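All residue numbers for the sequence shown refer to this note's numbering, where the first residue is 7 and numbers rise by one.
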Amino acid sequence: KVFIIAGEESGDQLGAALLSSLYAADSTLEVRGIGGAKMLSAGLHESLFKMEELSVMGLFEIVPKIFHFMDLIAKTVMAIKVFDPDIVVTIDSPEFSFRVQERLKKLGVRAKKIHYVAPTVWVWRPKRARHIARFLDGIICLFPFEPPYFEREGLSAIAVGHPVLQAGVLQGDGQKFRKNHDIPPACPVLGLFFGSRKSEIERLSPVILEVAKKLASENPNLFFLVPTIDRWAETLSNLMKEAGLNFCLTTDGSEKWDAFRACTAALAVSGTVALEISLASVPHAIVYQMNKATWHIVRRLVCSKFAHLTNILLGHLVVPEFIQSDAVPEKITPVMRRVLFDAAERQVQIAAFAQIETLLQSPSKRNAADEAAAFTLTPIRET
Numbered sequence: 007k008v009f010i011i012a013g014e015e016s017g018d019q020l021g022a023a024l025l026s027s028l029y030a031a032d033s034t035l036e037v038r039g040i041g042g043a044k045m046l047s048a049g050l051h052e053s054l055f056k057m058e059e060l061s062v063m064g065l066f067e068i069v070p071k072i073f074h075f076m077d078l079i080a081k082t083v084m085a086i087k088v089f090d091p092d093i094v095v096t097i098d099s100p101e102f103s104f105r106v107q108e109r110l111k112k113l114g115v116r117a118k119k120i121h122y123v124a125p126t127v128w129v130w131r132p133k134r135a136r137h138i139a140r141f142l143d144g145i146i147c148l149f150p151f152e153p154p155y156f157e158r159e160g161l162s163a164i165a166v167g168h169p170v171l172q173a174g175v176l177q178g179d180g181q182k183f184r185k186n187h188d189i190p191p192a193c194p195v196l197g198l199f200f201g202s203r204k205s206e207i208e209r210l211s212p213v214i215l216e217v218a219k220k221l222a223s224e225n226p227n228l229f230f231l232v233p234t235i236d237r238w239a240e241t242l243s244n245l246m247k248e249a250g251l252n253f254c255l256t257t258d259g260s261e262k263w264d265a266f267r268a269c270t271a272a273l274a275v276s277g278t279v280a281l282e283i284s285l286a287s288v289p290h291a292i293v294y295q296m297n298k299a300t301w302h303i304v305r306r307l308v309c310s311k312f313a314h315l316t317n318i319l320l321g322h323l324v325v326p327e328f329i330q331s332d333a334v335p336e337k338i339t340p341v342m343r344r345v346l347f348d349a350a351e352r353q354v355q356i357a358a359f360a361q362i363e364t365l366l367q368s369p370s371k372r373n374a375a376d377e378a379a380a381f382t383l384t385p386i387r388e389t
């Protein structure tokens, strides 16, 4: 019996792949948990509550909803105790996941406790590895250099590689997407990636749209592409129409990577999608703003100079970053102009992106979900 928890869109994708691999390894598994549409399609019986209720980022974003958040933790812990699983798998969403796992440990719940997507202790709060090791039995890392951070604290860890490599990003066909959506082959296309959290869209869409409008006024033939999820399709479509922009919006997962490759350049809210854009070899810039109080705390804990995982992995600034007070149209627009039209600027990024694929592969080069499933089931087989 397995209880599995995902709290946002990227976790739902990971969870769906993991579930498929778990069922392939053992079709008799009984699974309960929290997840989205993808996990439900992959075999999650039902979600304890809507996954979107956990889509919160940052201390001060949680505070206004703290009582509801604590109630969800209590509800989840109680459901786990009633289900009495052999193993509990939490996926990313550390604000929620670690509180649940720690509570289970304190209550003496027998289930093995596994977390998928190691927190980036090599970027900020390195001492978290020691704390996490106190309540987890295993941790699944995405990068080959991560396990030692946890193993030295006595926590079993494995690097499975980044699942985006198996998701099809390297096989995207931009020309096919352009043809299917009547976008001329030579037309410059700027991808706009608004994020998947409500707070991100509310805070950053005015900035992104202002940049888009300025660039469109300078380049009347500039076309905009907005890949998003069903939840935000209507909201973003209305915003694009109100801005008077010539655009195409897609929520079709089957053409996601084709859409990425169809972009000449992109402006994206920082997150997993920015790494995906790098792997699609699309020159871009990232933007991010969080609650000022949260940022005041975070900047004192971060030990990396960069926010974009591509820049962190490469060790130097390749993709322009506009964070907090820098996330204003006046600073972003001239840089995006170069990212779109300056051949030298574009080539620097594209050349750097070629290194990322190697850095994301697991040592064994097995399918990430299969390797994660094997690691997840091992404690069950050994008890």
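Note that CB positions come from ideal geometry on N, CA and C, so glycine has one too.
Computed from a predicted model, the values in this text were never measured in an experiment.
Exposure of residue 84 is indicated by the presence of fewer than 16 other C-beta atoms within 10 angstroms of its C-beta. Nearest to residue 175 by C-alpha distance, out of 357, 279, 22 and 148, is 279.
Burial check for residue 322: the Cβ neighbour count within 10 Å stays below 16, so the residue is exposed.
Residue 113 counts as exposed, since fewer than 16 other C-beta atoms from the protein chains shown sit within 10 angstroms of its C-beta. Per DSSP, the unbroken alpha helix (DSSP H) holding residue 74 starts and ends at 72-89.
Counting along the chain, the unbroken beta strand (DSSP E) around residue 327 starts and ends at 327-329. Of all alpha-carbon atoms in 110, 213, 77 and 78, the one lying nearest the alpha-carbon of residue 93 is that of 110. Around the Cβ of residue 158, a 10 Å sphere holds fewer than 16 other Cβ atoms; the residue is exposed.
Ranked by Cα distance from residue 227, the options 156, 91, 339 and 346 are led by 346. DSSP places residue 100 inside the alpha helix (DSSP H), whose first and last residues are 100-112. Going by beta carbons, residue 163 and residue 146 fall inside the 9 Å limit. In this structure, the CA atom of residue 36 is about 20 Å from the CA atom of residue 106. Pairing residue 144 with residue 233, the inter-Cα distance amounts to about 34 Å. DSSP, read as helix, strand or coil, puts residue 137 in helix. With contact defined as three or more Cβ pairs closer than 8 Å, the stretch 357-375 and the stretch 18-36 are in contact.
In the three-state reduction of the DSSP assignment, residue 38 falls in the strand class. Nearest to residue 355 by C-alpha distance, out of 317, 330 and 332, is 317. Taking all protein chains shown into account, residue 74 has fewer than 16 neighbouring C-beta atoms within 10 Å of its C-beta and is therefore exposed. Taking 9 Å as the cut-off, the Cβ atoms of residue 275 and residue 201 count as close.
In this structure residue 207 is in contact with residue 238, their Cβ atoms being roughly 6 Å apart against a cut-off of 8 Å.
With a threshold of 16 other beta carbon atoms within 10 Å, residue 17 meets it and is buried. DSSP, read as helix, strand or coil, puts residue 345 in helix. Put simply, the backbone Cα of residue 315 is about 22 Å away from that of residue 370.
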